[in-house]
Amino acid sequence: MLALIQWLEIDKSLYRSRWRLFGHVCLAMIIANVGLVGYRIYHAVSPDLYTSAGSDYEIARVATVPLYLPENIDGKIRMARVESLYNTASENPDHETLEEAQHCLAQAIYFEARGEPVEGWEAVGQVVINRVRDKRYPGQICDVVFQGEYRRHRCQFSFACDGVSDRPYDKDSWQAVYKLSGKLLTRGVASQTVSPIVGTATHYHADYVVPHWSSSLTPIRKIGRHIFYREEPGGITPKPRKRPDLSS
């Protein structure tokens, strides 16, 4: 009887050992599979996505709209100085890249003035650049364009907080405004010249509305359906211009 009991105890021990071994093998297989999946996910993400943006927020925002980038922006436009300025600044991870700046500027022009004449495109783009120059506003293109974007209908540029998709479906217009954005950045950032179209304007509105702030600013001119204004005093010295006739 004693021998039988001892044999049964040994059998139970072996039984437990087999299940313990089986459990260890299963755990090892699970860990190996998790590691393999993680490796594949890590290498499936383009490294360019991380190097081209300064933060997760910027990645999400820039990736919202597909980039229809021209192979050659314009052979006559040399952006070497602008690229140098942005490359130096981009050593700070919070600073936007030249590509991001051009993309954000193109978004503002596309969604704010796509139906306007080309001169109106440039005027809207110049307002963004003028704000970057002005110490009262953020010092980067994207920060100016998307200032207040999380406040519904209270952002600086209406398209940024209207709840509508920011995807540019008109590819031809997108290509055109993207090229124009490059030219504006070249002139506005590299040379710091004042726009011959809207001077130092920092505001505009459609001619069918009357914002509360319009009475406190100086109107410059009307282009298409937009009326442009400047602030005084400002971060940059306003260029004197003849007060335009806005009755038309």
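Its first residue numbered 37, the sequence shown is counted upward by one per residue in our numbering.
Where is the CB? At the ideal position from N, CA and C, for every residue including glycine.
For my contact list, residue i and residue j are in at a C-beta cut-off of 8 Å; report their separation, rounded to the angstrom.
i	j	result
SER209	ARG150	5 Å
VAL181	ALA144	5 Å
GLN176	LEU220	Not quite, the Cβ-Cβ distance comes to about 15 Å (not below 8 Å), so this is no contact.
Residue i bridges to which residues according to DSSP?
i	result
ARG257	PHE264
SER231	GLY235
Which of the three DSSP states is assigned to residue i in this structure?
i	result
HIS131	coil
TYR240	strand
CYS191	coil
SER201	coil
VAL154	helix
PHE182	coil
ASP208	helix
VAL160	helix
GLY175	coil
VAL213	helix
VAL168	helix
Given residue i, which residues of its chain have a CB within under 7 Å of its CB, disregarding the five upstream and five downstream residues?
i	result
GLY184	ARG190, CYS191, GLN192 and CYS197
ILE263	TYR240, HIS241, ASP243, PRO255 and LEU282
ARG266	GLY235, THR236, ALA237, THR238, LEU253, THR254, ILE256 and PRO274
TRP157	ILE145, ALA149, VAL213 and LEU216
CYS178	GLU132, GLU136, ALA137 and CYS140
GLU155	ILE233 and ILE259
Kindly indicate if chain E contains any beta-carbon less than 8 Å away from that of residue i.
i	result
ILE177	No chain E appears in the structure shown, which is made up of a single protein chain.
If I measure Cβ to Cβ from residue i and keep anything under 8 Å in the same chain, skipping five residues before and after, which residues do I get?
i	result
THR229	ARG223
VAL160	ALA144, ILE145, GLU148, ALA149, GLU152, TYR240 and HIS262
If you drop the 5 nearest sequence neighbours on each side, which residues of the same chain put their C-beta closer than 6 Å to that of residue i?
i	result
ALA142	VAL213, TYR214 and SER217
TYR173	ARG167 and VAL180
Could you tell me whether any non-hydrogen atom of the ligand FMN is closer than 7 Å to the CB of residue i?
i	result
ALA144	Ligands displayed in this structure: none; no statement on the ligand FMN is therefore possible.
Check: Are the stretch 253-260 and the stretch 198-206 touching by the rule of at least three beta carbon pairs closer than 8 Å?
Finding: no
Notebook entry, point to check: Just checking, does the stretch 232-248 make contact with the stretch 153-172 on the three C-beta pairs under 8 Å criterion?
Noted result: yes
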